[in-house]
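Visitor: Have a look at the structure that comes next, please.
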Amino acid sequence: VMASITEFIEKRLKLKINRDKSAVDRPVKRKFLGFTVGVKGKTRPAKKSIARFMDKVRNITSPTKGLNIKQVFGKLNPLLRGWLNYFGCCDTPSILKRLGEWARHRVRMVQWRLWKRSSRRYDELVKLGVNEETARMTVGSAKGPYRIAQSPALHIGLNLNWFCIHKMPDFICHS
Numbered sequence: 017v018m019a020s021i022t023e024f025i026e027k028r029l030k031l032k033i034n035r036d037k038s039a040v041d042r043p044v045k046r047k048f049l050g051f052t053v054g055v056k057g058k059t060r061p062a063k064k065s066i067a068r069f070m071d072k073v074r075n076i077t078s079p080t081k082g083l084n085i086k087q088v089f090g091k092l093n094p095l096l097r098g099w100l101n102y103f104g105c106c107d108t109p110s111i112l113k114r115l116g117e118w119a120r121h122r123v124r125m126v127q128w129r130l131w132k133r134s135s136r137r138y139d140e141l142v143k144l145g146v147n148e149e150t151a152r153m154t155v156g157s158a159k160g161p162y163r164i165a166q167s168p169a170l171h172i173g174l175n176l177n178w179f180c181i182h183k184m185p186d187f188i189c190h191s
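Here this note's numbering is used: position 98 in the sequence shown is 114, and no number is missing along the way.
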């Protein structure tokens, strides 16, 4: 099949085929423009596209960057909006929801690191509406920033409204 299609395209249409990218295979096993076609014809972002997106978010939210939270949002928002505009039409919104939750987790981790000292962390959590006892227990925890970002205190303080105030895209604010 591949040979006959290649011959038709190259000889009749006078187009060149990239043999590295071209193949005849089941749609589930191939990707096209960053999408894959899954079961029952549903489109979804390809695994490689998701991995590339996650690497870019990790790079922006890296602790070694030395960015304040406004700079993080300034770099993250265009990436998130572009990704949503491109992949928002897929038939699997659960993937977008999961990536939105993960991106919020990374931002919470960055904010926790930026507060640095225990006293500042406690004050900021209380200011954001976290109960004093919960804030004290969270600040006194020996867990690292990635694990703390999953804590109830950070989910209460840095909630969806906090992300919307910082003008995050809809799939981040309303997931």
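Every residue gets a Cβ at the ideal spot worked out from N, C-alpha and C, and that includes glycine. Since the model is a prediction, treat every value here as computed from it, not as a measurement.
(1) Identify the continuous beta strand (DSSP E) that holds phenylalanine 51 and give its terminal residues.
(2) What would DSSP say about arginine 163, mapped onto helix, strand or coil?
(3) Among residues of its own chain, excluding the 5 on either side of valine 32, which ones have a beta-carbon nearer than 6 angstroms to its beta-carbon?
(4) Distance cutoff 8 angstroms, beta carbons only. Does proline 185 sit that close to anything in chain B?
(5) Cα separation between lysine 184 and valine 17?
(6) Please list, in chain order, all residues of the same chain as tryptophan 131 whose beta carbon is under 7 angstroms from its beta carbon, the five residues on each side excluded.
(7) Determine, using beta-carbon pairs with one atom in the stretch 89-106 and one in the stretch 55-64, whether at least three such pairs fall under 8 angstroms.
(8) Measuring alpha carbon to alpha carbon, tell me which of Ile21, Ala19, Leu176 ends up nearest lysine 113.
(9) Check each candidate in Met125, Val55, Val126, Leu100 and name the one with the smallest Cα separation from glycine 116.
(10) Give me the Cα-Cα distance between isoleucine 85 and lysine 143, rounded to the nearest whole angstrom.
(11) Would you call isoleucine 181 buried or exposed, if buried means 16 or more other Cβ atoms sit within 10 Å of its Cβ?
(12) With a threshold of 7 angstroms on Cβ separation, who are the neighbours of glutamine 127 within its own chain once the five nearest residues in sequence on each side are excluded?
(13) Grab the span of the alpha helix (DSSP H) containing proline 94 for me, first residue to last.
(14) Tell me which same chain residues have a C-beta within less than 8 angstroms of the C-beta of alanine 165, skipping the five on either side of it?
(15) Roughly how far, in whole angstroms, is the beta-carbon of threonine 150 from the beta-carbon of proline 168, given that I think they are within contact range, below 8 angstroms?
(16) With a threshold of 16 other CB atoms inside 10 Å of the CB of phenylalanine 24, please say whether the residue is buried or exposed.
(17) Counting only the same chain and skipping the five closest in sequence on each side, list residues whose C-beta sits under 6 angstroms from that of threonine 154.
(18) So, under 8 angstroms CB-CB, isoleucine 111 and valine 146 are touching, yes? Tell me the CB distance rounded to an integer number of Å.
Guide: Quick look at the numbers:
(1) Per DSSP, the continuous beta strand (DSSP E) segment holding phenylalanine 51 begins and ends at 51-53.
(2) Helix, per DSSP.
(3) Strictly speaking, residue 32 in this sequence is lysine, with valine absent from that position. Hits under 6 angstroms: none found.
(4) Absent from the structure is chain B; it holds one protein chain and no more.
(5) Reading off the sequence, residue 184 comes out as methionine, not lysine. Rounded to whole angstroms, methionine 184 and valine 17 show a C-alpha spacing of 47 angstroms.
(6) So the list reads Arg137, Glu140, once near-sequence residues are dropped.
(7) The stretch 89-106 vs the stretch 55-64: in contact.
(8) The shortest C-alpha separation from lysine 113 is found at Leu176.
(9) Among Met125, Val55, Val126, Leu100, the Cα nearest to that of glycine 116 is on Leu100.
(10) Whole-angstrom Cα-Cα distance: 17 angstroms.
(11) Exposed.
(12) Within the same chain, and ignoring the five residues on either side of glutamine 127 in sequence, the residues whose Cβ sits closer than 7 angstroms to its Cβ are Ile85, Leu174.
(13) Counting along the chain, the alpha helix (DSSP H) containing proline 94 begins and ends at 85-103.
(14) His121, Arg122, Arg124, Met125, Trp128, listed in sequence order.
(15) For threonine 150 against proline 168, the beta-carbon gap comes to about 6 angstroms, under 8 angstroms, which counts as contact.
(16) The residue in question, phenylalanine 24, is exposed, as its Cβ has fewer than 16 Cβ neighbours within 10 Å.
(17) In its chain, beyond the 5 residues on either side, Ser167, Ala169 have a beta carbon closer than 6 angstroms to the beta carbon of threonine 154.
(18) Incorrect: roughly 31 angstroms between the Cβ atoms, too far for contact.
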